[in-house]
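One structure is given below, encoded as structure tokens.
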Amino acid sequence: MGSVSLNTPPTGMPQVPEPDLHQVLTPDGHRRPDHDLDPWLQDVTAPMLAGLHRDMTVIRRLDTECTHLQRQGELALWPPLLGQEAAQVGSAAALRREDYVFPSYRENGVAYLRGVDPLGLVRLWRGSTYAGWNPAEANLAAQQIIIGAQSLHAVGYAMGLQRDGADTVAISYFGDGATSQGDVNEAMVFAASYHVPVVFFCQNNQWAISEPVSLQAKRHIADRPWGFGIPAMRVDGNDVLAVLAATRRALERARNGGGPTFIEAVTYRMGPHTTADDPTRYRSAEEVEAWRAKDPIDRVEAYLAATLTDADRDPDGVGPLTVERVREVSEAAADQMATALRAGVAELADPGPEALFEHVYAEPHYELERQREHYRLYLAQFDGEQLEAGAR
Amino acid sequence: MSAQEITFGKAISAGLRAALAEDEKVVLMGEDIGTLGGVFRITDGLMQEFGPERVVDTPLAESGIMGTAVGLAYRGYRPVVEIQFDGFVYPSFDQIVSQVAKTHYRTRGAVPMPVTIRIPFGGGIGSPEHHSESPEAYFVHTAGLRVVSPSTPQEGYDLIRAAIASDDPVVYLEPKRRYHDRGPVDLAAPLRPMGPAAVAAAGTDVTLVAYGPLVKTCLQAAEAAAGEGISIDVIDLRSLSPIDYGLIEASVRRTGRLVIAHEAGRTGGLGAEIAATVTERCFHWLEHAPVRVTGFDIPYPPAKLEHHHVPDLDRILDGVDRALGRANSLDSIDPFAPPVPLAADGTERA
Chain A
0 MGSVSLNTPP
10 TGMPQVPEPD
20 LHQVLTPDGH
30 RRPDHDLDPW
40 LQDVTAPMLA
50 GLHRDMTVIR
60 RLDTECTHLQ
70 RQGELALWPP
80 LLGQEAAQVG
90 SAAALRREDY
100 VFPSYRENGV
110 AYLRGVDPLG
120 LVRLWRGSTY
130 AGWNPAEANL
140 AAQQIIIGAQ
150 SLHAVGYAMG
160 LQRDGADTVA
170 ISYFGDGATS
180 QGDVNEAMVF
190 AASYHVPVVF
200 FCQNNQWAIS
210 EPVSLQAKRH
220 IADRPWGFGI
230 PAMRVDGNDV
240 LAVLAATRRA
250 LERARNGGGP
260 TFIEAVTYRM
270 GPHTTADDPT
280 RYRSAEEVEA
290 WRAKDPIDRV
300 EAYLAATLTD
310 ADRDPDGVGP
320 LTVERVREVS
330 EAAADQMATA
340 LRAGVAELAD
350 PGPEALFEHV
360 YAEPHYELER
370 QREHYRLYLA
380 QFDGEQLEAG
390 AR
Chain B
0 MSAQEITFGK
10 AISAGLRAAL
20 AEDEKVVLMG
30 EDIGTLGGVF
40 RITDGLMQEF
50 GPERVVDTPL
60 AESGIMGTAV
70 GLAYRGYRPV
80 VEIQFDGFVY
90 PSFDQIVSQV
100 AKTHYRTRGA
110 VPMPVTIRIP
120 FGGGIGSPEH
130 HSESPEAYFV
140 HTAGLRVVSP
150 STPQEGYDLI
160 RAAIASDDPV
170 VYLEPKRRYH
180 DRGPVDLAAP
190 LRPMGPAAVA
200 AAGTDVTLVA
210 YGPLVKTCLQ
220 AAEAAAGEGI
230 SIDVIDLRSL
240 SPIDYGLIEA
250 SVRRTGRLVI
260 AHEAGRTGGL
270 GAEIAATVTE
280 RCFHWLEHAP
290 VRVTGFDIPY
300 PPAKLEHHHV
310 PDLDRILDGV
320 DRALGRANSL
330 DSIDPFAPPV
340 PLAADGTERA
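Protein sequence lines correspond, in order, to chains A and B. If you count by numbering that gives the first Met the number 0, then the first sequence holds residues 0 to 391, one letter each, in order. If you count by numbering that gives the first Met the number 0, then the second sequence holds residues 0 to 349, one letter each, in order.
Structural data, given as structure tokens:
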């Protein structure tokens, strides 16, 4: 154990919930001072913003490509993250490699930033496998489809970190709908009681399929953790700098024995819940347009346009860094990712039936072996027969 | 062999102590298991011995316990979770079925879930509602889980150690009404595998399959039947998932008759599964249809009624008589009218 002792109540916690939405970049690209977040943004430079712009652009393209791939029949389903790029990039950019992420199913941008091959995401959402990546390699738990279940896994992982005396943090991503689940509330109880190094990162994207956030919470979601003894912050989730700063602040607090923190990133799901959803049945075009004006990528471009000078040099070139140049580099990175993705999809083969039975158990299970062998013999009967496509 | 006479509860406790001592990644979690030592005192003294980081009193939230155990397993720990009573496991059902059982499959083997779920189960102790249930079929039906239930103190010790050592999640069902039974336990015994069933009493006329709390009752039934010249082969399953059908089938091929006893309700229970499997595989050896002696398809009844519900020696012997086609059994009386197929509107056809 490090200096963190178990069962110690949080100390130095502000007594009054912070009422305001923290924002450092306005939708039209103005920099606002923020007493709590500014200390965590001292290292922000134009090249760093260009990097965040590139990451957001690449994951937006990844998201768009996968939506198209679903429409073309290559994927069974896709849960778009369109509009949530800043929430995912800002938070993931704050993480260390060894920090461990417990995502829901929509954190495909986070997965990309953890080094997951986009083709793994395709295989997952194509229905070829449940394992889109190796959790141990990406320090990213398997995607979680049961709403909010992963919040407890993050707390349990953090209990392990605490026992190991590790300088590492677990972070759990979930949505506004998940905050109604018992698991998320139990996760906050355990996290507070054991004072573990965990960050709860809630992307409040306003909609849980067709249910508005007002059905989940009568007050701001960020008001709720205070009752558990967990400090919370409500940030503009379309503001990549605000998200980056808030996440850095929470991670550092956890690393220093300060216990759990809750971040509510207020954002918007611009697309459907999944490709199987039709959001026009439950929300207005006006609402969507109002959020389009708060686009996370546009505001970084607006900020860069307002602040870049000839003194800002393009790190990869000889000329000045311009918004056009930033956009060009980001689009090139997106093109490169998309080209590789398309090429990979063309090569994908369906898994064979042996994959059905693999890894159900870690150790031999003789009844399952029997079923596997029986099915193998059954299929072998058809060997050599010309079956019509799809007959099996 | 340096066996000593200890209680069932102390045997499980000794197994937990051994596991804690052998592997520093073993962490016990549950409600009241630390300072109090558990409501049945199974973890008595373990927190004092191994510290509150390894024997953890948790908030009263079963899903929370199970979900944090999953997270600890992600971090490389081997959590041993105590569910205080059988009827309290359901709030954690989602975490067990959707997470504990499936994470290894979901990650194609990258993330094992060596989680042991201890559940005191079964009736016969005069408890209030939710304290006497037999939920094993839910877990046996769930792919990815292993399920075991010991019937003796030695098995209690062996199986808890094997369960904790397993890289698979194991539901370990403790026959709570046997906690105070005494028996010889070899604490120096080597780690034994969970899978094999055991012949609790050898016999030749009828195969009687049971597990957990009813093994003792079945042994008493075998003793009573021996007085009437009936020889019962009592098989103690030990592992409910997977089931060691090899031992059962070998016995049935000799006896031609099968009785399965459990406290859980009949429909969809383990007796149904064992009867079906043995019938599929041993049809030509069977002299009589398999017979189930089980609890009724009712919620576990109030304490003053439970002796009707839980199969006792006489009901098990009645089942044996039925399997043997003896004149004193209900089979020869046939109190049942032939079942009437239902009409489309759900009423019985005239």
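Glycine is no exception: its CB is placed at the ideal position from the N, C-alpha and C atoms. Being a predicted model, the structure only gives us computed values, none of them experimental.
Bounds of any beta strand (DSSP E) do not take in alanine 275/A, whose DSSP letter is neither H nor E. In the DSSP assignment, serine 240/B falls within the beta strand (DSSP E) that extends over 238-240. DSSP lists Phe173/A and Glu263/A as the beta-bridge partner residues of cysteine 201/A.
In the three-state DSSP reduction, phenylalanine 227/A falls in the coil class, being neither helix nor strand. Listed along chain A, no residue sits closer than 7 Å to valine 277/B by beta-carbon distance, the nearest being about 13 Å off. Under the Cβ distance rule, glutamine 98/B counts among the residues neighbouring chain A, one pair being separated by less than 8 Å. Using a Cβ-Cβ cut-off of 9 Å, glutamate 357/A is close to Tyr104, Arg107 and Gly108 of chain B, given in chain order. Straight across, the Cα-Cα distance linking alanine 60/B with proline 90/B is about 8 Å. Under the DSSP definition of a beta bridge, proline 174/B partners with Phe120/B.
Chain-ordered, the chain A residues with CB closer than 8 Å to the CB of leucine 71/B read Gly155, Tyr156, Met158 and Gly159.
Taking the Cβ atoms as the reference, isoleucine 234/B lies roughly 6 Å from isoleucine 247/B, within the contact range of under 8 Å.
Taken atom to atom, the span from the alpha-carbon of valine 43/A to that of glutamate 285/A is near 34 Å. In the DSSP assignment, no residue is bridged to proline 79/A. Identification of chain B residues near leucine 347/A by a Cβ-Cβ cut-off of 8 Å yields none; the smallest Cβ-Cβ distance measures about 16 Å.
Glycine 33/B has a beta carbon lying at 8 Å or more from every beta carbon in chain A. Under the three-state reduction of DSSP output, isoleucine 234/B falls in the strand class. Taking a Cβ-Cβ threshold of 8 Å, the residues of chain A close to glutamine 94/B are Ala148, Leu151 and Asp182, in chain order.
Between the beta-carbon of proline 78/B and that of methionine 46/B there is about 15 Å, and that puts the pair past the 8 Å contact cut. Counting only residues of its own chain and dropping the five nearest sequence neighbours on each side, glycine 126/A has a CB closer than 6 Å to the CB of Ala75.
DSSP places glutamine 3/B in the uninterrupted beta strand (DSSP E) bounded by 3-6.
Chain B places no beta carbon closer than 8 Å to that of alanine 253/A, leaving this residue out of the contacts. At a Cβ-Cβ threshold of 8 Å, alanine 264/A and valine 287/A do not count as neighbours.
Three or more Cβ pairs drawn from the region 354-366 of chain A and the region 96-104 of chain B lie within less than 8 Å of each other, which places the two stretches in contact.
Histidine 21/A and isoleucine 146/A have their C-alpha atoms spaced approximately 27 Å apart. Exposure of valine 339/B is indicated by the presence of fewer than 16 other C-beta atoms within 10 angstroms of its C-beta.
Neighbours of alanine 60/B in chain A, taken as residues at a C-beta separation under 7 Å, are given in chain order as Glu185 and Val188. The beta-carbon separation of alanine 20/B and valine 184/B, rounded to 16 Å, does not stay under the 8 Å limit for a contact. Approximately 7 Å separates the beta-carbon atoms of glycine 143/B and proline 168/B; this is inside 8 Å, confirming the contact. Taking the Cα positions, leucine 355/A is about 56 Å away from threonine 306/A. Check the Cα spacing between serine 1/B and each of Pro174/B, Ser97/B, Asp166/B and Leu186/B: the tightest is with Leu186/B. Between valine 109/A and glutamine 87/A, the C-beta spacing is below 8 Å. Leaving aside the five residues that flank aspartate 157/B on each side, the residues in its chain whose CB is nearer than 7 Å to its CB run, in chain order, Ala188 and Arg191. Spanning the alpha carbons of leucine 347/A and leucine 68/A requires a straight line of approximately 13 Å.
The criterion of a C-beta distance shorter than 8 Å is not satisfied by proline 134/B and glycine 182/B. Using a Cβ-Cβ cut-off of 8 Å, proline 134/A is close to Tyr73, Thr106, Ala109 and Val110 of chain B, given in chain order. Rounded to the nearest whole angstrom, the CA to CA distance from proline 350/A to tyrosine 156/A is 32 Å.
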